[in-house]
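Asker:
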Amino acid sequence: MGKLRTEEFIVNMGPHHPSTHGVCRLMLTMDGERVVNVEPYIGYLHRAIEKICENRTYPQCIPLMDRFEYVTAMSCDYAFSLAVEKLAQIEVPERAEYLRVIMLELNRIASHLLFYATTAMDIGAVTPFLYGFRERELIIDLFEMTCGQRLTYNYIRIGGVSRDILPEFVPKCREALNIIKGKLSDYQGLLNENPIWKARTKGIGVMSQELAVAYGVSGPNLRATGIKFDLRKDDPYSIYDHFDFDIPIGQNGDVFDRYLLRLREIEQAIKIIEQALDGIPEGEYKTKIPFRFKPPAGEVYSRIENSRGEMGLYILSDGSTKPVRVKARGSSYNHLQVLPEVAKDCLIADLVATFASFDIIMPEVDR
Amino acid sequence: MTPFILLELQPVFVWLYNLLKKIGLSGSWLTIVSYAGLSLIVFGLLSVVALFLVWWERKVSGHVQQRYGPMRNGWHGWYQTLMDGVKLLLKEDVKVVTRDKAVFFWAPIIAFVAAFVPYVVIPFGKGLIVADLNIGILYILAVTTFMVISLLMAGWGSHNKYALLGGMRSAAQVVSYEVPMVASILTVIVFSGSLSMVDIVNVQSGLFFNWFIFRLPFGPIAFMVYITAATAEANRTPFDIPEAEQELVAGYNVEYSGMKFAMFFLAEFINMFTVGAIATTLFLGGWHGVILPSWLWFFVKTLLVVFLLMLFRWTYPRLRVDQLMGFAWKFLIPVAFANLVLAGWMKYARWYW
Amino acid sequence: MGIIKKLPYYSEKVPGGSIVATQLEAVLNFAQAKSLWYLLFGTACCAIELMCTGASRYDFDRLGMIFRASPRQADLIIAAGTITKKMAPRLKRLYDQMAEPRYVLAMGGCTIKGGPFYYDSYSVEKGIDHIIPVDIYVPGCPPRPESLMEGCLHLQEKIKKQKLNNWQEK
Amino acid sequence: MTKDELKDYIDTHYQDKMKFLDTGRFDLMYEVTKENLLEVSKALRDDENLKFDFLCNLGGADTREHFEVIYSIASVTKRLRLDFKVVFPYDQAEIESVQEIWPAANWYERETWELFGIQIKNHGNLKLFLLPDDWDQGYPMRKDWDAPDFIRMPEL
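Listed below in structure tokens is the structure:
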């Protein structure tokens with residue numbers, strides 16, 4: 006029997022498609038069920054945040070940074086504040102640093118829970134979606150208690166944080182962490198040993214170390230390939246060097262590793278928060294900055310490790326109240342760029358799984 | 116006459132039949148009218164069952180996911196699906212310009228009809244059967260296959276790539292899973308010695324250890340193979356790839372709206388009930404049970420099987436298309452046939468009780 | 721659908737027909753209001769809150785609202801998140817693909833007037849109401865799930881008051 | 002390697018191609034001429050002691066006087082960070098692509114072309130992707146850009 010003659014056809018996936026988490030558009034060249042080529046089209050959420058920042062004062066930029074990456078809005082606030090603090094060499098009180106670390110790590114947990122929810126959903130398990138959101142609400146409650154918002158916090162400001170935590174924050178936080186710690190085994194029990202889940206994720210979407218580094222892949226996706234690189238340890242910022250925590254790494258760089266790694270990162274984040282809660286010092290929670298705040302002329306590229314990878318901010322200042330240029334670097338930008346290389350010649354279901362496991366969030370790509 | 120006998124519905128039907136006779140019907144007219152009447156009763160009953168199942172599915176999913184499900188329409192939203200149905204009746208019937216007209220039109224109708232037709236031979240209770248065909252189970256296997264044609268038609272007629280992929284997937288899937296399903300059903304037939312549904316039920320009379328599922332060792336295996344294959348036949352998670360929401364948006368029914376969509380939707384749930392009904396008849400002793408009337412036993416058992424399917428759906432992730440095929444051809448079919456051979460040999464050697 | 725649209729017209733000709741039509745109108749509107757299936761359409765921050773509203777704590781399903789991925793089967797499009805100029809034609813297209821009767825809920829400041837991206841942005845559509853007709857506006861950045869549900873309840877009230885004759889125009 | 006050691010190393014090995022700038026407020030900032038860009042990038046990546054194999058960021062900037070393209074690079078194995086920039090006037094807005102050295106640069110360069118109008122030589126994939134497909138209003142990130150429906154925030 007000769008080879009069956011088949012014809013390739015093009016499927017337009019998105020910009021409105023359940024599995025693209027927003028508005029990514031993928032043009033798939035398909036041969037039956039097999040995806041021959043993927044071409045991402047982006048820009049459906051290009052809101053020109055960088056342009057807007059050029060006409061805002063430095064403190065006014067922070068709310069926009071919330072919307073730059075709303076799932077871990079705290080880390081964007083922090084990245085911007087850190088960049089400006091580096092630019093103007095502002096000292097931050099230690100209490101503020103502790104509060105920031107607590108919030109950043111809580112937000113990391115929230116983001117990873119969202120990842121757990123949406124990835125499971127994309128691979129067809131609906132119930133973990135709801136479970137992930139259930140525990141996420143506990144963390145959202147803590148944020149709401151502290152800064153009054155559920156999603157876009159505007160909490161971490163230049164020189165500190167916007168307000169001090171309430172006295173009941175610490176016990177509530179511990180309670181929430183204990184609940185999450187208990188539920189983590191539930192999550193893993195639901196999926197880790199499930200043969201269908203393993204068949205769907207093991208050995209799928211494998212990314213090699215060379216490919217990852219060449220395309221600037223960072224965060225859990227990089228660590229899943231086996232490279233132990235975490236900016237919290239390797240380019241320390243804030244007070245992360247005060248805490249004792251591990252950097253979990255994967256081995257194969259497949260979907261399963263990326264999934265498991267994030268669950269293990271939740272454990273580590275809980276560990277950091279518990280240490281931080283024990284050690285919150287008394288004192289000021291912010292340094293006063295002048296109303297018309299003018300950092301000196303100069304430029305800085307500062308980077309932090311948020312839940313998706315390296316979140317970088319380049320700020321060019323000319324000494325006035327407004328920045329000349331703000332360039333935000335979201336890790337999803339690189340992750341989406343590497344998708345065509347990773348998802349070459351796979352089935353459409355694998356493409357969805359790979360896309361989900363990268364934890365791409367579109368505003369970070371489009372800005 | 117114990118009061119429980121009063122609950123049996125058979126006398127009602129006998130009385131109705133006699134009434135028809137009394138008003139002067141006879142011969143073939145009597146047959147036609149009585150069968151038409153019975154079919155209408157079954158149709159009405161199943162429509163109610165389908166509406167109930169949709170509501171139940173939403174409640175089950177809600178409680179599995181630690182929420183409530185519909186709450187605003189009556190007690191725990193009991194008439195929610197009725198509202199959905201009325202709304203779908205009213206929705207505009209969007210007709211895609213590029214559709215294949217006849218195919219697009221007939222697909223939901225065939226699906227709907229194919230879902231109802233098996234109930235001709237399903238015994239709802241003692242004597243409660245529309246027609247006791249002597250090839251009952253064979254008839255069911257034959258007519259349920261129409262479902263796949265309708266899905267394929269829907270996929271083709273919609274002129275939509277997602278729908279087409281969904282249709283192709285469902286065709287491949289249903290054809291593959293038909294084989295282990297038939298093999299597991301054959302295991303039952305080897306013992307019952309008859310294709311008639313009533314005979315199969317009667318073989319399992321008595322207490323529960325006479326049910327086929329408890330015929331060790333092949334009974335439970337056949338049951339599991341049947342449930343797995345039937346889940347795939349009914350396009351339920353983990354085998355719901357034809358309408359995989361995250362991959363194909365809504366699969367074959369992506370272009371259908373309003374009443375046509377409702378037909379697909381109801382057909383899906385009636386198929387699920389069919390799976391339960393066949394499982395009850397073949398493996399769980401049909402209407403047999405103690406104290407309660409027979410038709411109630413039938414519904415209790417069937418709904419338990421349906422509940423099992425619902426729990427599957429809300430627990431498992433979805434298989435990939437090649438894994439799904441591999442599972443059918445590399446695992447289920449060998450197991451089903453080995454089981455069949457074992458059962459046949461034991462029957463031959465009379466090693467059973 | 722066609723018959724039901726013409727029903728008010730026919731019922732005028734029968735004595736007492738208008739009473740029947742009014743009663744029927746009430747029932748149909750009630751069904752429509754109680755079963756709003758929403759389209760999964762989220763672009764930005766509001767999409768996360770939309771997902772939260774569907775999840776365990778808030779549970780949209782209580783109101784009889786479930787999501788559909790296909791616009792053909794959806795009654796309500798919850799425009800959650802910023803609509804950019806590049807996305808606007810797609811939103812229009814999705815709206816066109818939906819079957820009548822269809823409703824639009826604008827969620828969040830971005831869909832109402834551009835929100836925080838009103839000034840200085842070259843790519844954000846300043847309000848979706850010049851792309852598609854909007855029934856309910858839910859302000860907030862992003863709105864809380866409670867306010868989204870409140871908006872949906874208001875929409876239900878609005879649907880219960882609609883006239884059968886007006887369906888064509890809606 | 003600490004920051005000072007890195008500065009010494011670069012100053013000794015690359016002093017003719019990279020000029021130290023004092024505008025960098027946290028990490029080292031160098032200036033590279035357009036002609037040397039490819040050569041320097043390649044050398045920085047292949048240098049056994051530096052191994053700058055990770056492109057963090059690449060972005061254009063309009064300082065109202067000239068264009069700049071800023072490259073932020075890092076080393077995953079050696080844990081180093083470095084910035085360098087290429088400066089050129091408005092009328093010579095053209096630059097070599099560094100895709101061969103860092104594949105990640107593809108989209109960053111595409112974006113720089115799209116928003117600033119800086120031509121990228123040997124890029125091969127310069128298509129609009131952030132802006133609408135029918136965009137014809139020029140390069141929006143330039144400081145002198147304006148459009149009819151572009152509303153500036155009023156000064157406080």
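Chains as they are written, first to last, in the working numbering: chain H, 6 to 372; chain A, 116 to 468; chain Y, 721 to 890; chain Z, 2 to 157. Virtual Cβ for every residue (Gly too), placed ideally from N, Cα, C. All of these numbers come straight from a predicted model, not from anything done at the bench.
1. Based on the DSSP secondary-structure assignment, which residues constitute the bridge partners of residue 122(Z)?
2. Using a Cβ-Cβ cut-off of 8 Å, state whether residue 326(H) counts as contacting chain Y.
3. Looking at the structure shown, is residue 825(Y) part of a helix, part of a strand, or coil, going by DSSP?
4. Tell me whether residue 320(A) is buried or exposed, calling it buried when 16 or more other Cβ atoms sit within 10 Å of its Cβ.
5. Could you say if the segment 217 to 235 of chain A and the segment 331 to 350 of chain A meet the contact criterion of at least three C-beta pairs nearer than 8 Å?
6. Between residue 876(Y) and the rest of its own chain, which residues show a CB-CB distance below 6 Å, the 5 nearest in sequence each way excluded?
7. Between which residues of its own chain and residue 174(A) is the CB-CB distance below 6 Å, once the five residues before and five after are set aside?
8. Using 10 angstroms around the beta-carbon of residue 846(Y), count the other beta-carbons present and answer buried if the total reaches 16, otherwise exposed.
9. Going by DSSP, name the residue or residues bridged to residue 69(Z).
10. At a CB distance below 9 Å, what residues from the segment 167 to 196 of chain A approach chain Y? Give them in sequence order.
11. Let's test the definition: count the other Cβ atoms within 10 Å of the Cβ of residue 332(H) and tell me whether it reaches 16, buried, or not, exposed.
12. Have a look at the DSSP bridge pairing and note the partners of residue 76(Z).
13. Taking just the CA atoms, how far does residue 257(A) sit from residue 166(A)?
14. Pairs of beta-carbons, one from the segment 127 to 135 of chain Z and one from the segment 72 to 81 of chain H, closer than 8 Å: are there three or more?
15. How is the alpha helix (DSSP H) around residue 304(H) delimited, first residue to last?
16. Can you tell me the Cα-Cα spacing of residue 2(Z) and residue 79(Z), whole angstroms?
17. What does residue 60(Z) touch in chain H if you count any residue whose Cβ is under 7 Å from its own?
18. Would you call the CB atoms of residue 854(Y) and residue 826(Y) closer than 8 Å?
19. Residue range of the alpha helix (DSSP H) that residue 367(A) falls in?
20. List the DSSP bridge partners of residue 798(Y).
21. Using 8 Å for Cβ pairs, my map puts residue 297(H) next to residue 366(H). What's the rounded Cβ distance?
22. Let's test the definition: count the other Cβ atoms within 10 Å of the Cβ of residue 446(A) and tell me whether it reaches 16, buried, or not, exposed.
23. If I measure Cβ to Cβ from residue 215(A) and keep anything under 6 Å in the same chain, skipping five residues before and after, which residues do I get?
24. Name the chain Y residues whose beta carbon is nearer than 9 Å to that of residue 141(Z)?
25. I'd like to check one pair, residue 344(A) with residue 296(A): are the Cβ atoms closer than 8 Å?
26. Counting contacts by CB-CB distance shorter than 8 Å, is residue 132(Z) in contact with chain Y?
27. Compute the beta-carbon to beta-carbon distance between residue 20(Z) and residue 32(Z), rounded to the nearest angstrom, for a pair I have assumed lies under 8 Å.
28. Taking DSSP as the reference, what is the three-state secondary structure of residue 5(H)?
29. Among residues of its own chain, excluding the 5 on either side of residue 762(Y), which ones have a beta-carbon nearer than 6 Å to its beta-carbon?
30. Note down, in chain order, every chain C residue with its Cβ under 7 Å from the Cβ of residue 119(Z).
31. Counting Cβ pairs, one atom from each stretch, are 3 or more of them under 8 Å apart for the segment 143 to 151 of chain H and the segment 287 to 302 of chain H?
32. Starting from residue 262(A), trace the beta strand (DSSP E) in both directions and tell me its first and last residue.
33. Following the continuous alpha helix (DSSP H) through residue 4(Z), name the residue where it begins and the one where it ends.
34. Among residues of its own chain, excluding the 5 on either side of residue 888(Y), which ones have a beta-carbon nearer than 6 Å to its beta-carbon?
35. Considering only the alpha carbon of each residue, which of 200(A), 187(A), 217(A) and 240(A) lies closest to residue 128(A)?
36. Taking Cβ-Cβ distances shorter than 7 Å, what residues in chain A pair up with residue 782(Y)?
Answerer: Taking the structure as given:
1. Your numbering for residue 122(Z) matches position 121 in the fourth sequence. According to DSSP, residue 122(Z) bridges with 97(Z).
2. Numbered from its first residue, the first sequence carries residue 326(H) at position 321. No, residue 326(H) lies away from the interface with chain Y (no Cβ there is under 8 Å from its Cβ).
3. By one-based count along the third sequence, residue 825(Y) stands at place 105. Here residue 825(Y) sits in strand by DSSP.
4. Taking the first residue of the second sequence as position 1, residue 320(A) is located at position 205. Taking all protein chains in view, the Cβ of residue 320(A) is surrounded by fewer than 16 other Cβ atoms within 10 Å, so the residue is classified as exposed.
5. Contact between the segment 217 to 235 of chain A and the segment 331 to 350 of chain A is not established, with fewer than three Cβ pairs separated by less than 8 Å.
6. Numbered from its first residue, the third sequence carries residue 876(Y) at position 156. So the qualifying residues of the chain are 753.
7. Position 59 of the second sequence, counting from 1, holds the residue named residue 174(A). Answer for residue 174(A): 184, listed in chain order.
8. Start at 1 with the first residue of the third sequence, and residue 846(Y) comes out as number 126. It is buried - the Cβ of residue 846(Y) has at least 16 other Cβ atoms within 10 Å.
9. Taking the fourth sequence and counting its residues from 1, the one referred to as residue 69(Z) is at position 68. Its beta-bridge partners are 62(Z) and 88(Z).
10. Correct list: 173, 176, 177, 180, 181, 182, 183, 184, 185, 186, 187, 188, 192, 194, 195 and 196.
11. In the first sequence, counting from the first residue as 1, residue 332(H) sits at position 327. Burial call: buried.
12. As a first step, residue 76(Z) is located in the fourth sequence; it is residue number 75 there, counting from the start. Residue 76(Z) pairs with 81(Z).
13. Numbered from its first residue, the second sequence carries residue 166(A) at position 51. Numbered from its first residue, the second sequence carries residue 257(A) at position 142. If you take the alpha carbons of residue 166(A) and residue 257(A), they lie about 26 Å apart.
14. Contact between the segment 127 to 135 of chain Z and the segment 72 to 81 of chain H is absent: fewer than 3 CB-CB pairs across the two stretches fall below 8 Å.
15. As a working note, residue 304(H) is residue 299 in the first sequence. That residue, residue 304(H), is in no alpha helix (DSSP H); its beta strand (DSSP E) goes 303 to 310.
16. Residue numbering aside, residue 2(Z) sits at position 1 when the fourth sequence is read from its first letter. Residue numbering aside, residue 79(Z) sits at position 78 when the fourth sequence is read from its first letter. Cα-Cα distance, rounded: 8 Å.
17. Within the fourth sequence, residue 60(Z) is the residue found at index 59, counting from 1. Going along chain H in sequence order, the residues near residue 60(Z) (Cβ under 7 Å) are 319 and 332.
18. For this step, residue 854(Y) is matched to residue 134 along the third sequence. For this step, residue 826(Y) is matched to residue 106 along the third sequence. Cβ distance < 8 Å, so residue 854(Y) and residue 826(Y) count as in contact.
19. Here the question's residue 367(A) lines up with position 252 in the second sequence. Careful: residue 367(A) lies outside any alpha helix (DSSP H) and carries neither H nor E.
20. Here residue 798(Y) refers to the residue found at position 78 of the third sequence. Paired residue(s): 825(Y).
21. Looking up residue 297(H) in the first sequence gives position 292. Looking up residue 366(H) in the first sequence gives position 361. Actually they do not touch by this definition, with Cβ atoms about 34 Å apart.
22. Against the second sequence, residue 446(A) aligns to sequence position 331. Burial call: exposed.
23. One-based indexing of the second sequence puts residue 215(A) at position 100. Setting aside the 5 residues that flank it on each side, residue 215(A) is surrounded in the same chain by 272, each with a C-beta closer than 6 Å to its C-beta; the list follows chain order.
24. Locating residue 141(Z) in the fourth sequence gives position 140, where the first residue counts as 1. Correct list: 842 and 843.
25. As a working note, residue 296(A) is residue 181 in the second sequence. As a working note, residue 344(A) is residue 229 in the second sequence. For the pair residue 296(A) and residue 344(A), the CB atoms are nearer than the 8 Å cut-off.
26. To locate residue 132(Z), count along the fourth sequence from 1; it is residue 131. Yes, contact with chain Y.
27. Within the fourth sequence, the letter at position 19 stands for residue 20(Z). Within the fourth sequence, the letter at position 31 stands for residue 32(Z). The distance from the Cβ of residue 20(Z) to that of residue 32(Z) is about 5 Å, consistent with a contact at the 8 Å cut-off.
28. Residue 5(H) lies beyond the stretch modelled for chain H, which goes from 6 to 372, so this question has no answer here.
29. Looking up residue 762(Y) in the third sequence gives position 42. Excluding residues up to 5 positions away in sequence, 770, 800 and 801 lie with their Cβ nearer than 6 Å to the Cβ of residue 762(Y) in the same chain.
30. This model lacks chain C altogether, as its protein chains are H, A, Y and Z.
31. Counting Cβ pairs under 8 Å, fewer than three are found: no touch.
32. Indexing the second sequence from 1 puts residue 262(A) at position 147. Note, residue 262(A): premise wrong, no beta strand (DSSP E); alpha helix (DSSP H) at 261 to 272.
33. Numbered from its first residue, the fourth sequence carries residue 4(Z) at position 3. Segment 4 to 14, the alpha helix (DSSP H) holding residue 4(Z).
34. Working through the third sequence from its first residue, we reach residue 888(Y) at position 168. Interpretation of residue 888(Y) is limited by its pLDDT of 48, a score under 50 that renders its predicted location unreliable; the figure taken from the coordinates is listed afterwards. Once the five neighbours on either side are set aside, residue 888(Y) has no close Cβ partner at all.
35. Position 13 of the second sequence, counted from the first residue, corresponds to residue 128(A). Of the residues 200(A), 187(A), 217(A) and 240(A), the one whose Cα lies closest to the Cα of residue 128(A) is 240(A).
36. As a first step, residue 782(Y) must be located in the third sequence, where it is residue number 62. 183, 185, 186 and 187, listed in chain order.
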